[in-house]
């Protein structure tokens with residue numbers, strides 16, 4: 001009964017409160033949410049102009065985000081944190097949670113990434129979804145996603161973050177199953193939902209534990225507490241860290257909750273670009289980086305984060321190397337690249353900035369590649385089989401160029417965006433003592449080679465080699481509404497990393513949130529690391545060239561080696577899940593159902609029968625005769641009176 | 001002359017605070033004015049005049065009540081010279097007590113009556129729920145002629161206002177005689193109103209007669225009890241009585257208490273004084289049923305509160321067991337028998353019996369929480385049940401020539417209603433959920449309040465019985481929902497009439513109140529709590 005919303009909207013004047021243009025932060029969440037509301041409630045009436053409204057509101061959010069960014073940029077580094085209190089959200093006795101938004105350099109980085117890439121993808125979708133009768137609904141979900149994602153990154157406490165967390169999960173579920181008339185797509189949505197639910201339980205447990213330990217769930221209380229008394233509560237910190245990691249694994253498709261991402265490609269391709277590549281799947285990295293103080297107080301949990309990252313890195317890269325479905329290659333690649341970020345985030349302050357840096361550059365080049373894939377699907381009648389492409393470079397010039405920019409960036413071609421961010425992570429992985437730098441550094445380096453192989457394989461199979469199209473295919477370039485966002489993202493894939501590296505701009509920008517990293521030398525010298533990495537990349541790319549561009553690619557999938565077969569089956573992830581979780585779960589539910597029908601239902605049925613019998617007996621007294629009614633009243637009075645007299 | 005002069009010298013003019021009585025007088029005056037208008041106005045003007053007068057009187061009354069709320073005057077008029085009963089102190093011989101509980105209850109009655117008026121004023125073809133000529137023999141030529149002449153029974157509204165003013169006094173009566181007068185004032189118009197249904201008139205007249213006979217019986221029991229109490233305490237005044245009863249309760253008093261309670265519990269519809277409820281609720285015109293279920297219940301519980309918590313407060317140990325027995329019997333019988341009903345009005349009648357039982361659990365708790373939760377419950381239930389009966393009035397049968405005829409009250413006729421009229425079925429679903437006590441509806445807040453009052457008074461087991469009974473009751477509420485949404489539509493004979501703006505407004509207001517009292521109950525709960533902190537004369 002105490003959970004009554006109260007309080008008034010509007011920024012309360014408090015220390016460090018947002019002022020000026022920063023007080024408009026709530027519009028970042030509010031505008032896309034308004035769009036989603038209007039499009040959903042407006043229904044078919046908004047069919048004609050709804051998508052443009054969504055595009056407009058998304059860009060408006062970007063403009064506000066940029067304005068807030070500029071105003072924060074004008075402040076000294078130490079004052080780049082402000083909190084905007086909206087209203088008292090859950091005032092419940094000892095527990096209270098504010099609806100408050102936190103503007104700092106970390107959240108602003110996400111705001112800019114989400115609104116900019118998101119808006120580009122909105123524009124792209126206008127053309128991509130033009131023929132879909134439900135385009136309005138699609139845009140409603142997209143706007144809902146943007147609002148939820150911004151709430152996730154702007155929230156000032158874990159509970160509000162959880163709202164955004166569930167919001168993006170909902171949007172993701174709705175969009176994966178957007179074409180839910182196809183049962184396998186609906187199943188994919190359900191799979192994503194279930195896997196995320198497992199992770200969300202972790203996040204919920206983490207939040208509850210935070211309240212138990214620190215008596216609050218806002219960032220200042222929890223992270224400040226972890227920094228001060230973390231060592232005292234080492235056991236709790238490890239538990240919280242692991243539970244947060246479980247949540248992050250669900251959302252970011254990391255081992256062991258990775259299985260949903262490949263199937264999530266059932267959603268429309270712009271969705272894959274925005275949600276399942278550029279933004280939502282990186283929310284787990286955000287969570288770990290944001291909760292850095294917890295992991296610093298729990299080295300075991302941090303180590304497990306690194307291990308999970310490294311495993312996912314290899315897992316995704318291996319799967320991506322064997323798939324023939326273009327979008328599933330990209331899905332494996334996303335899992336692998338998020339693994340890079342997770343690995344970096346687990347390394348501690350030395351890796352936080354690089355994790356976020358790679359997250360940003362990945363947001364550009366991976367979104368660009370997905371949009372390129374969408375453009376190819378657009379030109380090739382929704383074919384996704386790499387073996388049916390080939391030689392598209394001639395007919396789809398712009399797609400070829402923009403996809404090429406993403407390709408070079410992801411493999412870490414020198415001086416492109418991906419090179420700067422990935423190289424930094426590999427170097428950071430080599431920092432430390434004992435066996436760890438050697439193991440994690442080597443994994444990161446090896447994965448760079450694998451990345452070069454699968455990305456090149458994909459690129460060559462799509463754009464080079466022999467024409468392997470279906471008869472009747474007429475590949476053509478996409479309309480400008482689609483190509484312009486691709487070009488913008490390609491420019492980002494090429495230059496953004498370099499620009500942000502100048503003078504350590506990005507790392508300095510994030511310092512107020514993630515803290516200063518102590519200067520430590522990697523166990524190998526930096527030029528050696530770079531040289532080995534580049535050599536591995538070159539080997540991977542050349543191997544792919546030999547196999548898939550210089551020689552002929554069979555149109556029918558060859559049997560392949562045992563390793564290839566395993567990778568094609570996602571390293572048996574679904575078989576493992578089925579054997580370990582699904583089957584025992586089914587036995588459990590079956591036995592529960594049995595107990596329910598025999599035991600509980602029997603009891604319920606018996607009681608119901610008894611009640612009905614009683615009712616049948618009682619209704620006999622409702623004879624309709626006034627005389628018997630009056631008699632019953634009289635008898636009632638006498639009985640009551642008699643009872644009283646006896647009791648006295 | 002000298003005798004008269006002496007009598008006049010002895011006679012002390014009662015000291016009456018007219019301002020405090022103004023809300024009642026507004027309604028009562030409008031009722032009297034309505035009767036006069038009925039006689040004077042030409043036929044075509046009567047309808048509009050009566051509707052306007054009734055609505056205006058109720059609104060004015062509500063405004064006056066809200067003015068009084070700020071500073072309730074307690075002393076309103078005295079009966080007989082002060083000190084007629086020796087041990088009385090100043091201010092203890094009040095016959096009408098306008099205190100905060102009275103004001104809350106009166107306002108509740110006026111508000112639900114406003115909604116009830118809206119359900120009664122549909123006059124378009126087939127919509128009028130009342131017979132064109134109450135005095136006509138059912139099925140006679142005279143009745144047909146009246147119908148063809150398009151006669152309208154506009155006396156309904158003055159009768160309703162009379163009943164409302166009786167109810168308002170009922171909740172504020174400071175002595176047993178005023179209570180009895182108010183009881184008759186509210187009952188007599190209802191007896192008549194019950195017999196005025198347009199269709200199934202025999203059933204309606206039977207209901208009216210049954211209600212009259214049994215009501216008279218109940219009144220007689222009450223009067224007998226009042227007489228016994230007067231015999232034992234030498235006063236009919238509740239305040240004085242509570243003083244006298246401090247010294248103990250002889251058998252005479254106990255008998256009187258049980259008889260007075262029987263009279264009041266009859267109006268509430270509690271077991272074993274409930275037998276009239278299903279028959280009368282089924283036979284009466286549906287808007288009248290809704291009005292009785294809502295307003296009469298508020299008034300009767302108000303009177304029970306005042307008699308038990310004020311006049312008979314010293315005898316708590318005597319009447320508490322009676323109330324406990326009655327509460328349990330009422331909850332169980334109401335919930336259980338409702339399960340086997342096949343007629344929607346009859347089911348709602350048993351449901352109202354069950355709800356009376358739930359409220360009685362709060363009365364067992366003799367403390368503030370008992371008062372405030374009762375006040376909240378009767379208001380919340382009033383809105384819901386009025387809305388539900390208003391919906392029932394909209395679901396009709398069709399005859400072979402596609403004319404709209406009587407109400408389709410058999411449950412089977414409601415099958416598949418959700419597909420034909422999603423909005424109406426949705427609203428009715430809301431009312432059913434509220435009656436079942438599902439969270440975010442007023443029903444949940446109300447049930448939570450009464451059961452927690454019982455628990456805090458040490459009657460946890462009674463609350464458990466209440467919860468079990470409401471769990472059983474959920475069955476028949478949900479069954480209607482299942483029927484509306486998940487069954488194949490019944491024969492095409494059922495139809496939902498459209499173009500009934502007044503009824504629709506009443507349904508909408510009832511629905512809004514049901515949601516508001518469930519989602520943001522705090523303001524009204526706070527009002528109820530304020531009323532309960534300074535109860536009865538305080």
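Chains as they are written, first to last, in the numbering used here: chain A, 1 to 648; chain B, 1 to 538.
Think of the CB as a built atom: it goes at the ideal place given N, C-alpha and C, for glycine as much as any other residue.
Own chain residues within Cβ distance below 7 Å of residue i, not counting five before or after
| i | result |
| --- | --- |
| residue 437(B) | 443, 444, 447, 470 |
Cβ neighbour criterion (16 or more within 10 Å) applied to residue i
| i | result |
| --- | --- |
| residue 620(A) | exposed |
| residue 143(B) | buried |
| residue 39(A) | buried |
| residue 427(A) | buried |
| residue 628(A) | exposed |
| residue 288(B) | buried |
| residue 210(B) | buried |
| residue 274(B) | buried |
| residue 689(A) | No answer is possible for residue 689(A): it lies beyond the span of chain A, which begins at 1 and ends at 648. |
| residue 206(B) | buried |
| residue 587(A) | exposed |
| residue 396(B) | buried |
| residue 348(A) | buried |
| residue 371(B) | buried |
| residue 230(A) | buried |
| residue 610(A) | exposed |
Three-way DSSP call (helix, strand, coil) for residue i in this model
| i | result |
| --- | --- |
| residue 406(B) | strand |
| residue 559(A) | coil |
| residue 90(A) | strand |
| residue 75(A) | coil |
| residue 422(A) | helix |
| residue 321(A) | helix |
| residue 553(A) | coil |
| residue 235(B) | coil |
| residue 155(B) | coil |
| residue 478(A) | coil |
| residue 172(B) | coil |
Close Cβ partners of residue i (< 6 Å) along its chain, the five nearest in sequence each way excluded
| i | result |
| --- | --- |
| residue 259(B) | 221, 224, 225 |
| residue 241(A) | 294, 295, 298, 301 |
| residue 483(B) | 414, 415 |
| residue 494(B) | 408, 413 |
| residue 334(B) | 350, 353, 354, 357 |
| residue 311(B) | 238, 241, 242 |
| residue 222(A) | 210, 214 |
| residue 127(A) | 479, 481, 482 |
Residue(s) in a DSSP beta bridge with residue i
| i | result |
| --- | --- |
| residue 197(B) | 130(B) |
| residue 95(A) | 92(A) |
| residue 397(B) | 494(B) |
| residue 218(A) | 157(A) |
| residue 343(B) | 410(B) |
Within chain C, partners of residue i - CB distance below 8 Å
| i | result |
| --- | --- |
| residue 321(B) | Absence of chain C from the displayed structure is noted, the protein chains being A and B. |
Contacts around residue i, its chain only, beta-carbon distance under 8 Å, and the 5 residues preceding and following it disregarded
| i | result |
| --- | --- |
| residue 462(B) | 324, 327, 328, 361, 364, 454 |
| residue 530(B) | 100 |
Distance cut-off 7 Å: residue i Cβ against heavy atoms of the ligand ADP
| i | result |
| --- | --- |
| residue 239(A) | Looking for the ligand ADP in the displayed structure turns up nothing, as the structure carries no ligands at all. |
Q.
Assess contact between the segment 27 to 43 of chain B and the segment 148 to 167 of chain B, defined as three or more Cβ pairs (one per stretch) separated by less than 8 Å. Is contact present?
A. yes
Q. Do the segment 446 to 458 of chain A and the segment 309 to 318 of chain A make contact, defined as three or more Cβ pairs closer than 8 Å?
A. yes
Q. Three or more C-beta pairs closer than 8 Å, one from the segment 637 to 647 of chain A and one from the segment 116 to 136 of chain B: is that the case here?
A. Verdict: no, contact absent.
Q: Could you say if the segment 409 to 426 of chain A and the segment 492 to 501 of chain A meet the contact criterion of at least three C-beta pairs nearer than 8 Å?
A: yes
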